[in-house]
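**Student:** Read the sequence shown against the numbering used here and you will find it ends at 606, with the numbers running on by one and no gaps.
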Amino acid sequence: MNYDTTSRTHGTWLKAADLRRLCALESTLRTNPGTLLHVHTENATAFIDSYNQTPLRTLYPDRVVVHQTSFAEIFQGTALEPWYMNTTTGEVKKRPGQQLANAARLVVLKKHGGTYFDLDYIVQKDLSKLPPNYLALQAHRSLRDVPELKGHIINNAFLRFEKPNHPFLERAIKGFVEVRATDKCTRS
419 MNYDTTSRTH GTWLKAADLR RLCALESTLR TNPGTLLHVH TENATAFIDS YNQTPLRTLY
479 PDRVVVHQTS FAEIFQGTAL EPWYMNTTTG EVKKRPGQQL ANAARLVVLK KHGGTYFDLD
539 YIVQKDLSKL PPNYLALQAH RSLRDVPELK GHIINNAFLR FEKPNHPFLE RAIKGFVEVR
599 ATDKCTRS
(Lines of atoms letter the chains of each structure in order from A; the text may use other names.)
(Lines give C-alpha, C1' and ligand atoms only; values in the text may rest on other atoms or scores of the structure.)
Protein backbone atom coordinates (compact mmCIF):
# COMPACT_ATOMS: atom_id res chain seq x y z
CA MET A 419 0.00 0.00 0.00
CA ASN A 420 1.22 3.51 -0.78
CA TYR A 421 0.95 5.88 2.19
CA ASP A 422 0.84 9.65 1.85
CA THR A 423 0.77 12.44 4.42
CA THR A 424 -3.00 12.21 4.80
CA SER A 425 -2.55 8.73 6.25
CA ARG A 426 0.63 9.40 8.25
CA THR A 427 0.23 9.20 12.00
CA HIS A 428 2.95 10.03 14.54
CA GLY A 429 3.58 9.25 18.16
CA THR A 430 6.60 9.78 20.37
CA TRP A 431 7.71 7.47 23.16
CA LEU A 432 10.97 7.22 25.03
CA LYS A 433 11.11 3.58 26.11
CA ALA A 434 9.62 0.13 25.62
CA ALA A 435 5.95 0.02 24.69
CA ASP A 436 3.84 -1.04 27.66
CA LEU A 437 0.40 -2.64 27.31
CA ARG A 438 -1.37 0.73 27.43
CA ARG A 439 0.65 2.06 24.47
CA LEU A 440 0.31 -1.19 22.54
CA CYS A 441 -3.47 -1.05 23.02
CA ALA A 442 -3.46 2.49 21.64
CA LEU A 443 -1.38 1.38 18.65
CA GLU A 444 -3.79 -1.47 17.99
CA SER A 445 -6.83 0.82 18.15
CA THR A 446 -5.28 3.18 15.60
CA LEU A 447 -4.26 0.42 13.22
CA ARG A 448 -7.64 -1.34 13.50
CA THR A 449 -9.81 1.73 12.88
CA ASN A 450 -7.52 3.30 10.26
CA PRO A 451 -6.56 0.63 7.73
CA GLY A 452 -4.83 3.15 5.45
CA THR A 453 -2.58 4.71 8.06
CA LEU A 454 1.13 4.26 8.46
CA LEU A 455 2.02 4.77 12.12
CA HIS A 456 5.42 6.37 12.83
CA VAL A 457 6.82 6.03 16.34
CA HIS A 458 9.70 8.41 17.11
CA THR A 459 11.75 7.12 20.03
CA GLU A 460 15.16 7.36 21.63
CA ASN A 461 15.14 3.62 22.29
CA ALA A 462 13.95 1.88 19.12
CA THR A 463 15.30 -1.50 20.21
CA ALA A 464 13.22 -1.58 23.41
CA PHE A 465 10.12 -0.37 21.60
CA ILE A 466 10.48 -2.89 18.77
CA ASP A 467 11.18 -5.74 21.20
CA SER A 468 8.00 -5.03 23.18
CA TYR A 469 5.98 -4.56 19.97
CA ASN A 470 7.27 -7.82 18.49
CA GLN A 471 6.08 -9.75 21.56
CA THR A 472 2.47 -9.06 20.56
CA PRO A 473 0.27 -10.21 17.67
CA LEU A 474 0.32 -6.66 16.26
CA ARG A 475 3.39 -7.38 14.15
CA THR A 476 1.55 -10.25 12.43
CA LEU A 477 -1.86 -8.56 12.24
CA TYR A 478 -0.55 -5.27 10.86
CA PRO A 479 2.69 -6.01 9.01
CA ASP A 480 4.55 -3.01 7.60
CA ARG A 481 2.17 -0.50 9.19
CA VAL A 482 4.35 0.61 12.11
CA VAL A 483 7.65 2.35 11.44
CA VAL A 484 9.89 2.92 14.43
CA HIS A 485 12.40 5.76 14.07
CA GLN A 486 15.49 5.79 16.28
CA THR A 487 15.94 9.47 17.01
CA SER A 488 16.98 11.94 19.68
CA PHE A 489 15.69 15.30 20.76
CA ALA A 490 18.86 16.86 19.33
CA GLU A 491 18.00 15.41 15.90
CA ILE A 492 14.34 16.42 16.12
CA PHE A 493 15.13 20.04 17.03
CA GLN A 494 18.11 20.46 14.70
CA GLY A 495 17.64 23.40 12.35
CA THR A 496 14.49 24.69 14.06
CA ALA A 497 13.73 27.66 16.30
CA LEU A 498 13.71 25.17 19.19
CA GLU A 499 17.33 24.09 18.76
CA PRO A 500 18.83 26.84 21.00
CA TRP A 501 16.10 26.25 23.60
CA TYR A 502 16.85 22.52 23.54
CA MET A 503 20.54 23.22 24.15
CA ASN A 504 19.49 25.12 27.30
CA THR A 505 17.58 22.06 28.53
CA THR A 506 20.76 20.00 28.32
CA THR A 507 22.64 22.48 30.52
CA GLY A 508 19.91 22.55 33.17
CA GLU A 509 18.75 26.08 32.38
CA VAL A 510 15.18 24.87 31.79
CA LYS A 511 13.92 24.11 35.27
CA LYS A 512 10.16 23.55 35.01
CA ARG A 513 9.35 19.99 33.89
CA PRO A 514 12.00 19.77 31.15
CA GLY A 515 11.00 16.22 30.13
CA GLN A 516 7.39 17.19 29.55
CA GLN A 517 8.42 20.37 27.75
CA LEU A 518 10.74 18.38 25.47
CA ALA A 519 7.91 16.02 24.53
CA ASN A 520 5.54 18.94 23.89
CA ALA A 521 8.07 20.68 21.67
CA ALA A 522 9.00 17.48 19.82
CA ARG A 523 5.43 16.78 18.70
CA LEU A 524 5.15 20.26 17.16
CA VAL A 525 8.41 19.80 15.25
CA VAL A 526 7.58 16.27 14.06
CA LEU A 527 4.30 17.52 12.58
CA LYS A 528 5.92 20.62 11.10
CA LYS A 529 8.58 18.52 9.39
CA HIS A 530 6.42 15.60 8.25
CA GLY A 531 2.74 16.57 8.34
CA GLY A 532 0.02 14.13 9.33
CA THR A 533 -1.69 13.38 12.62
CA TYR A 534 -0.01 13.33 16.03
CA PHE A 535 -1.45 11.83 19.16
CA ASP A 536 0.01 10.65 22.43
CA LEU A 537 0.49 6.92 22.56
CA ASP A 538 -2.03 6.54 25.34
CA TYR A 539 -4.97 7.66 23.15
CA ILE A 540 -7.44 5.01 22.11
CA VAL A 541 -8.61 5.83 18.58
CA GLN A 542 -12.16 4.73 17.81
CA LYS A 543 -12.81 6.55 14.54
CA ASP A 544 -11.32 6.81 11.09
CA LEU A 545 -8.85 9.70 11.27
CA SER A 546 -9.18 10.37 7.54
CA LYS A 547 -12.65 11.78 8.25
CA LEU A 548 -11.16 14.65 10.24
CA PRO A 549 -10.56 18.02 8.61
CA PRO A 550 -7.03 18.40 7.16
CA ASN A 551 -6.03 20.78 9.97
CA TYR A 552 -7.34 20.00 13.41
CA LEU A 553 -6.51 20.46 17.06
CA ALA A 554 -8.33 19.56 20.22
CA LEU A 555 -9.51 21.85 22.99
CA GLN A 556 -9.98 20.79 26.57
CA ALA A 557 -11.86 22.39 29.41
CA HIS A 558 -9.74 24.52 31.68
CA ARG A 559 -10.15 24.60 35.45
CA SER A 560 -10.07 28.35 35.83
CA LEU A 561 -11.44 30.97 33.44
CA ARG A 562 -9.13 33.60 34.89
CA ASP A 563 -6.11 31.62 33.65
CA VAL A 564 -7.13 31.61 29.99
CA PRO A 565 -9.91 34.18 29.46
CA GLU A 566 -9.28 34.63 25.74
CA LEU A 567 -10.18 30.99 25.10
CA LYS A 568 -13.32 31.13 27.26
CA GLY A 569 -12.38 28.28 29.54
CA HIS A 570 -10.65 26.07 27.02
CA ILE A 571 -7.01 25.46 26.27
CA ILE A 572 -5.40 23.78 23.30
CA ASN A 573 -4.67 20.14 23.98
CA ASN A 574 -1.42 19.27 22.25
CA ALA A 575 -1.91 15.53 22.77
CA PHE A 576 -3.92 15.32 19.54
CA LEU A 577 -3.07 17.46 16.51
CA ARG A 578 -3.52 17.10 12.78
CA PHE A 579 -1.85 19.20 10.11
CA GLU A 580 -2.02 17.26 6.88
CA LYS A 581 0.84 18.95 5.07
CA PRO A 582 4.33 19.73 6.39
CA ASN A 583 5.34 23.32 7.25
CA HIS A 584 1.89 24.52 8.25
CA PRO A 585 2.06 28.20 9.35
CA PHE A 586 0.17 27.46 12.59
CA LEU A 587 2.89 25.03 13.65
CA GLU A 588 5.61 27.57 12.86
CA ARG A 589 3.80 30.15 15.03
CA ALA A 590 3.26 27.57 17.78
CA ILE A 591 6.97 26.71 17.80
CA LYS A 592 7.96 30.39 17.97
CA GLY A 593 5.41 30.95 20.74
CA PHE A 594 6.75 27.92 22.59
CA VAL A 595 10.26 29.37 22.49
CA GLU A 596 9.07 32.81 23.66
CA VAL A 597 7.00 31.48 26.57
CA ARG A 598 9.52 28.86 27.64
CA ALA A 599 12.42 31.31 27.39
CA THR A 600 10.79 33.37 30.14
CA ASP A 601 10.29 30.20 32.23
CA LYS A 602 6.81 31.51 33.10
CA CYS A 603 4.91 28.54 31.81
CA THR A 604 3.31 26.39 34.49
CA ARG A 605 1.37 24.03 32.22
CA SER A 606 2.36 21.86 29.30
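Glycine included, each C-beta is placed from N, C-alpha and C at the ideal position.
Treat the numbers as computed from the prediction; the structure is a model and nothing was measured.
1. Quick check on DSSP: helix, strand or coil for residue 455?
2. Would you list the residues sitting across from residue 429 in a DSSP beta bridge?
3. Quick check on DSSP: helix, strand or coil for residue 484?
4. I'd like to check one pair, residue 537 with residue 574: are the Cβ atoms closer than 9 Å?
5. Identify, in the order they occur along the chain, each residue of the same chain with its Cβ nearer than 8 Å to the Cβ of residue 542, setting aside the five sequence neighbours on each side.
6. Quick one: grab the DSSP three-state call for residue 551.
7. Please state if the CB of residue 532 and the CB of residue 491 are separated by a distance shorter than 9 Å.
8. Among all the DSSP beta bridges, which residues are the ones paired with residue 443?
**Tutor:** In this structure, then:
1. The sequence position of residue 455 within the sequence shown is 37, counting from 1. Here residue 455 sits in strand by DSSP.
2. Reading the sequence shown from its first residue, position 11 is the one you call residue 429. Looking at the DSSP assignment, residue 429 forms a beta bridge with 457.
3. For the purposes of this step, residue 484 is identified with residue 66 of the sequence shown, where counting begins at 1. The answer is strand: DSSP assigns residue 484 an E or B state.
4. Numbered from 1 along the sequence shown, position 156 holds the residue referred to as residue 574. Numbered from 1 along the sequence shown, position 119 holds the residue referred to as residue 537. Cβ atoms of residue 574 and residue 537: not closer than 9 Å.
5. Position 124 of the sequence shown, counting from 1, holds the residue named residue 542. Only residues of its own chain outside the window of five on either side were considered, and among them 445 and 449 have a CB closer than 8 Å to the CB of residue 542, listed in chain order.
6. To locate residue 551, count along the sequence shown from 1; it is residue 133. Under the three-state reduction of DSSP, residue 551 is assigned to strand.
7. Sequence index remark: in the sequence shown, residue 491 carries index 73 (1-based). Sequence index remark: in the sequence shown, residue 532 carries index 114 (1-based). No.
8. Here residue 443 is taken as the residue at index 25 of the sequence shown, counted from 1. According to DSSP, which records beta bridges pairwise, residue 443 is partnered with nothing at all.
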